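Participant: My questions all concern the structure below.
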Amino acid sequence: AVDVDSALAADDACLAGEECGVELRQLRGEMVDAEQQELDEAMALISQQMRQNTKYETSADDESGVTCHPEKGTAIHCGAGYKCCNSKRSFLAGQSHAKQSKLALYAICCPTDNHCKHDTIFVSCAPGAGRDDDSGVLAGLV
Numbered sequence: 026a027v028d029v030d031s032a033l034a035a036d037d038a039c040l041a042g043e044e045c046g047v048e049l050r051q052l053r054g055e056m057v058d059a060e061q062q063e064l065d066e067a068m069a070l071i072s073q074q075m076r077q078n079t080k081y082e083t084s085a086d087d088e089s090g091v092t093c094h095p096e097k098g099t100a101i102h103c104g105a106g107y108k109c110c111n112s113k114r115s116f117l118a119g120q121s122h123a124k125q126s127k128l129a130l131y132a133i134c135c136p137t138d139n140h141c142k143h144d145t146i147f148v149s150c151a152p153g154a155g156r157d158d159d160s161g162v163l164a165g166l167v
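Here the sequence shown is numbered in our numbering, starting from 26 and rising by one per residue.
Okay, here's the thing in structure tokens:
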């Protein structure tokens, strides 16, 4: 079995012009492909969640609801009886949120008798009123 850390260190040396083998370049390529696939899956899940959320949104002129302002994300307007649940910074595919150029924080509308559940960069509505559940967000990033 190949020790991944030592193989990647050898690959870094290879990129610096030292002796290297093809298998190290292939290992790095496989890791990059896996990270990209995880980011693509995250974007697809967020897009699906935002499409499903539109049924709870209202126009900006409707004053019966509330406007959500996710950090550097697109504002949405939740209808009466709904509240904002904003996603939070976290790690995904081994990258900090700051390095995830394609992933913006976002908001969804949740019934007011639900609480927000945060899991890495994702947010969802969880049954029952109460404090938001930040257990899925890595410490130090919120």
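Built from N, CA and C at the ideal position, the CB exists for glycine as well.
Keep in mind it's a predicted model, so treat the numbers as computed, not measured.
1) Grab the span of the beta strand (DSSP E) containing residue 157 for me, first residue to last.
2) Just verifying my parser: in three-state terms, what is the DSSP assignment at residue 148?
3) Assign residue 113 to one of three DSSP states: helix, strand, or coil.
4) Applying the criterion that 16 or more other CB atoms from any shown protein chain within 10 Å of the CB defines a buried residue, is residue 82 buried or exposed?
5) Determine the burial state of residue 70: buried for a count of at least 16 other Cβ atoms within 10 Å of its Cβ, exposed for fewer.
6) Identify, in the order they occur along the chain, each residue of the same chain with its Cβ nearer than 8 Å to the Cβ of residue 98, setting aside the five sequence neighbours on each side.
7) What is the C-beta distance between residue 139 and residue 153, in whole angstroms, given that I count them as a contact (C-beta under 8 Å)?
8) Residue 104 and residue 89 look like a contact to me (Cβ under 8 Å); what is the Cβ gap, rounded to whole Å?
Facilitator: The short version:
1) It is not in any beta strand (DSSP E) - residue 157 carries neither H nor E in the DSSP assignment.
2) strand
3) coil
4) buried
5) exposed
6) 111, 112, 129, 130, 131, 132
7) 7 Å
8) 7 Å
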